[in-house]
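J.:
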Amino acid sequence: MKIAVIDGQGGGIGKTFISKAKNILKDYEIVALGITEKASVSMLKKGAKEAYFGEEEIINYLNNNKIDYIVAPIGVLIGGGINGEVSPVLSNEIFNYSCAKYIIPLKKHGITIVGIKDMDIKDIISEIIKEIKENHK
322 MKIAVIDGQG
332 GGIGKTFISK
342 AKNILKDYEI
352 VALGITEKAS
362 VSMLKKGAKE
372 AYFGEEEIIN
382 YLNNNKIDYI
392 VAPIGVLIGG
402 GINGEVSPVL
412 SNEIFNYSCA
422 KYIIPLKKHG
432 ITIVGIKDMD
442 IKDIISEIIK
452 EIKENHK
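What follows is the structure, given as structure tokens:
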């Protein structure tokens with residue numbers, strides 16, 4: 322089973338997820354797909370098995386690998402997301418990839434998802450890990 326963690330900028334959300342998940346989801350291979358090199362390296366240092374960065378490498382990885390889950394901030398689904406790092410082509414590829422996606426609903430850039438519980442990032446990540454673990458049974 323494989324989890325792709327996609328993040329940009331410094332990879333803070335991705336590395337937080339990987340730090341916590343690697344000890345709980347031991348049966349999973351965690352791959353870091355960084356929109357930037359800094360994000361990719363940061364997630365690799367926290368325990369991802371392998372890392373790739375940049376639009377071309379992410380799209381190539383998605384097209385040539387079976388991924389069971391994607392974990393990422395909401396900005397990866399929006400062209401121009403993550404302070405302009407996400408292109409419309411990349412957001413479309415991620416959106417259309419056929420797997421379960423756990424999207425972290427950050428309240429940034431004027432985007433608010435109404436109806437989502439107000440939780441901090443660590444609690445959201447704990448919920449994602451719990452869901453993935455329960456789905457694996």
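Going by this note's numbering, the first residue of the sequence shown is number 322, and it counts up by one from there.
Every residue gets a Cβ at the ideal spot worked out from N, C-alpha and C, and that includes glycine.
1) If we call anything under 8 Å between Cβ atoms a contact, is residue 443 one with residue 345?
2) Residue ranges of each beta strand (DSSP E) run of no fewer than 3 residues wholly in the segment 353–416, ordered along the chain?
3) When burial is assigned at 16 or more other CB atoms within 10 Å of the CB, is residue 337 buried or exposed?
4) Would you tell me roughly how many angstroms separate the C-alpha atoms of residue 363 and residue 341, rounded to the nearest one?
5) I need the DSSP call for residue 480, collapsed to helix, strand or coil.
T.: By the coordinates alone:
1) no
2) 371–374, 390–394
3) buried
4) 14 Å
5) The requested residue 480 is not part of the displayed model; the chain covers only 322 to 458.
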